[in-house]
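Asks: Got a structure for you, written out below as structure tokens; questions coming shortly.
Here is the structure:
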């Protein structure tokens, strides 16, 4: 494999314009195809096989008038809405809302049969039904025009649902912030404007191609909006990091006296092989979310995997071409006062630190493990769910609408459940609906039950149940369980009708249950694949075992901090989080995939250098010190960039994006400090030479992967023809 990468890098260095032109062509064609055939993001949620999903599909297929795409226009006045002036203004709003060409239904809040006027008369809401799921800026502006009469009369008007979010919310440029931090880190690391610009250019090119690919994917299947956010996070982070590692190795090769062509090829054969392996590990881990059985999370994983694949290929093709084009000018435009430092400096702070840890490994290992274990403790109280408008910023119209509705009608109005009865005939179904409605109304935790609604052929009935507690309250989930396990079976005893409970809360609970059931299988599959890959690469059993355990500790610690911040509310205000939030049900699985893959990046980069040094002199402890010392600066630079990329997304207003930003940024920070700089050298020192042991029978049965270089990949320009180095670093 390293021979192939050497030839690929040398070809790109010899023929840079061909490779660069190919990438430019791919980027241009990708953008053009994306604009013509790309699809819009689709956040519609499906949970195949779940009761809540079957109930939702039954309503959509057999009772379509109950499944319109709706939003509420919430009206509030302290003086009340039941006086002639307010009535005239609200009636005008209803009439104007009905004029929108996409609006197919608007309720009258003063209709005696279905009045939405609150008991105190100060709040009402108008439910607007649309014939399209895409409720955008045009619909929002039409609603704003229709609401002018109410505002002129001193009535507060707010919007919930898709109509409220269609207004949009100005967001800080997370990408610009991340790139700015990357520029500073790369300048300090390389001390050259030219060298600094290369990783950023490669990453941005990969992002353009990757984003176009995700857009084309969205034209074929439903891809959620969060897939673009996560793809952008990873594209910036791994794109810059992968290019950084190859570039750092290339500069070392030039300093060693190699020709430009050979330095490019050698960097691709060593650091490029590391990038290839690490990138494939990330892709496999992220693609593993397919095991969730949930289309939305599967598409989030495939979108992220697609972006990582593109940036990985860019690092081993486009970057070598740029390096070949620049030649020795890669170090030009030096930054004053920033002197270049040798890659392996025995007097560096990282080398001295590694020596200290290796000298007393047990205390350091115990202290680091205890720290991660303490941070992991909150994760055991993790409660899965989904954020709703109650978690939006107080200034947003969706949050104002949520608060007005909760105050006027009770907190459960934001999360009603629908009980769907599929009966055998009108007479039997009517009796079943009556029995079920009476049983639900008497159940503790139920605020109200609507009159039953029947479809045209009277074979499907729907009851709307409003809980007394909010959608995120644990008591609401308990009510759902009582309805499913006790209330409905008792009410339908002896009946042939099938009862299904659907709605946002039931779907969320079903998602949490499914992910909880499949999470152990997913974690086991990812760890097993990573274990096999590391065993093949490093010819060791203890190295992959150690990597799996340390990665689990760092992921667990990040879970714990996420729970403490979002679910418990610790320091939440500092991050712009305005209320306690359950952990998004999709987050733990997706975060594990991303974090485990990224942790393997640093594992491969560091351990490969340790292995190189060990093969040179056979001293396991000395190899650990040299490996950590020679890679710490590059890995730290890469981690700082990754941390800034993830951390910048915390500045957005969306609480789900914040959750991913906090979790991923903190995990990278813990991994590069506590794990790579303390736990790893301590554990490797304790293992000693045993770390590199592999049973003979297993060694003979495993396929060999050449990571020490080949005769076609010479280590220096002066070595005799046919000679072979003892070892070559992967980074």
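In the numbering used here, the protein residues as written are 71 to 801. Even for Gly, the Cβ is constructed at its ideal location relative to N, Cα and C.
Using 8 Å as the threshold, is the C-beta distance between residue 389 and residue 272 below it?
Replies: A contact, by the Cβ cut-off of 8 Å.
Asks: Which partner residues of residue 569 appear in the DSSP bridge assignment?
Replies: Looking at the DSSP assignment, residue 569 forms a beta bridge with 491.
Asks: Could you compute how far the alpha carbon of residue 256 sits from the alpha carbon of residue 323?
Replies: Those two C-alpha atoms are separated by around 19 Å.
Asks: Excluding five sequence neighbours on each side, which residues of the same chain lie with their C-beta closer than 7 Å to the C-beta of residue 462?
Replies: The answer, listed in chain order, is 468 and 469.
Asks: For residue 713, name the three-state secondary structure that DSSP assigns.
Replies: Helix at residue 713.
Asks: Under DSSP, the alpha helix (DSSP H) around residue 687 begins and ends at which residues?
Replies: Run containing residue 687: 657-687, per the alpha helix (DSSP H) assignment.
Asks: Which same chain residues, not among the five before or five after residue 542, have their C-beta less than 6 Å away from its C-beta?
Replies: Hits under 6 Å: 455 and 652.
Asks: Going straight from the alpha carbon of residue 713 to that of residue 631, what length do you get?
Replies: Cα to Cα, the separation comes out at about 15 Å.
Asks: Check whether the Cβ atoms of residue 599 and residue 354 lie closer than 8 Å to each other.
Replies: Yes. Within cutoff.
Asks: Report all residues from its chain with a CB closer than 7 Å to the CB of residue 289; omit the five preceding and five following residues, and keep chain order.
Replies: Result list for residue 289: 107, 108 and 109, in chain order.
Asks: Start and end of the alpha helix (DSSP H) containing residue 748?
Replies: No alpha helix (DSSP H) contains residue 748, which DSSP labels as neither H nor E.
Asks: Determine the extent of the alpha helix (DSSP H) in which residue 726 is found, giving its start and end residues.
Replies: Per DSSP, residue 726 belongs to the alpha helix (DSSP H) from 725-740.
Asks: Using three-state DSSP, classify residue 328 as helix, strand or coil.
Replies: Looking at residue 328 - three-state DSSP - the assignment turns out to be coil, as it is neither helix nor strand.
Asks: Residues bridged to residue 194 by DSSP?
Replies: DSSP, once it has assigned bridges, lists 145 as partnering residue 194.
Asks: Buried or exposed, going by whether 16 or more other CB atoms sit within 10 Å of the CB of residue 146?
Replies: Residue 146 is buried by the Cβ-count criterion.
Asks: Taking the runs of the beta strand (DSSP E) that are 3 residues or longer, which of them lie wholly in the region 476-521?
Replies: You should have 487-492 and 516-519.
Asks: So for residue 225, helix, strand or coil by DSSP?
Replies: Three-state DSSP puts residue 225 in coil, outside helix and strand.
Asks: Give me the Cβ distance between residue 612 and residue 760, rounded to the nearest whole Å; I'm assuming they're in contact under 8 Å.
Replies: With 8 Å as the limit, residue 612 and residue 760 qualify as a contact, their Cβ atoms being about 6 Å apart.
Asks: Within the continuous beta strand (DSSP E) that includes residue 531, where are the two ends?
Replies: Looking at the DSSP string, the run of the beta strand (DSSP E) that includes residue 531 is 530-537.
Asks: Can you check which of these residues, 142, 81, 730 and 233, is closest to residue 392 by C-alpha distance?
Replies: Measuring from the Cα of residue 392, the nearest candidate turns out to be 81.
Asks: State the CB to CB distance for the pair residue 381 and residue 312, rounded to an integer number of angstroms; the pair is presumed to be in contact (CB under 8 Å).
Replies: Yes, they are in contact, since the Cβ atoms of residue 381 and residue 312 sit about 6 Å apart, within 8 Å.
Asks: Check the C-beta distance from residue 362 over to residue 588 and give it rounded, since I have them as a contact under 8 Å.
Replies: Between residue 588 and residue 362 the Cβ distance is about 6 Å, and since that is below 8 Å, they are a contact.
Asks: Measuring CA to CA, which of 83, 134, 142 and 119 is closest to residue 474?
Replies: Answer by Cα proximity: 142.
Asks: In the DSSP assignment, what residue or residues form a beta bridge with residue 199?
Replies: Paired residues: 140 and 175.
Asks: Express the C-alpha separation of residue 680 and residue 570 in angstroms, rounding to a whole number.
Replies: Straight-line Cα distance between these residues: approximately 58 Å.
Asks: So does the region 728-735 actually touch the region 649-669, counting three or more Cβ pairs closer than 8 Å?
Replies: Result yes; three or more Cβ-Cβ pairs closer than 8 Å.
Asks: Report yes or no: do the region 423-430 and the region 618-629 share at least 3 C-beta pairs separated by less than 8 Å?
Replies: The region 423-430 vs the region 618-629: no contact.
Asks: Just to confirm the assignment: which complete beta strand (DSSP E) runs, minimum length 3, are found wholly within the region 597-657?
Replies: If we require 3 residues or more, the region 597-657 turns out to have no beta strand (DSSP E) run fully inside it.
Asks: Could you round the C-beta distance between residue 97 and residue 279 to whole angstroms and report it? I think they count as a contact, below 8 Å.
Replies: Contact holds; Cβ gap of about 5 Å.
Asks: Measure the beta-carbon distance from residue 283 to residue 374 and round it to whole angstroms, keeping in mind my assumption that it falls under 8 Å.
Replies: In fact, because the Cβ distance is near 12 Å, the residues do not count as touching under 8 Å.
Asks: DSSP beta-bridge partners for residue 404?
Replies: Paired residue(s): 262.
Asks: Check the C-beta distance from residue 516 over to residue 538 and give it rounded, since I have them as a contact under 8 Å.
Replies: Right, their Cβ atoms sit about 7 Å apart.
Asks: Nearest CA to the CA of residue 400: which residue from 458, 314, 593 and 251?
Replies: Minimum Cα distance to residue 400 is reached at 314.
Asks: From this set, 309, 275, 155 and 678, which residue's C-alpha is nearest residue 99's C-alpha?
Replies: Checking every option, the nearest Cα to that of residue 99 belongs to 275.
Asks: Report back the beta-carbon spacing between residue 601 and residue 618 to the nearest angstrom; my notes put them in contact at under 8 Å.
Replies: Indeed they touch by this definition, with Cβ atoms about 6 Å apart.
Asks: Given a threshold of 16 other Cβ atoms within 10 Å of its Cβ, counted over all protein chains shown, does residue 307 qualify as buried or as exposed?
Replies: The residue is buried, with at least 16 neighbouring Cβ atoms inside 10 Å.
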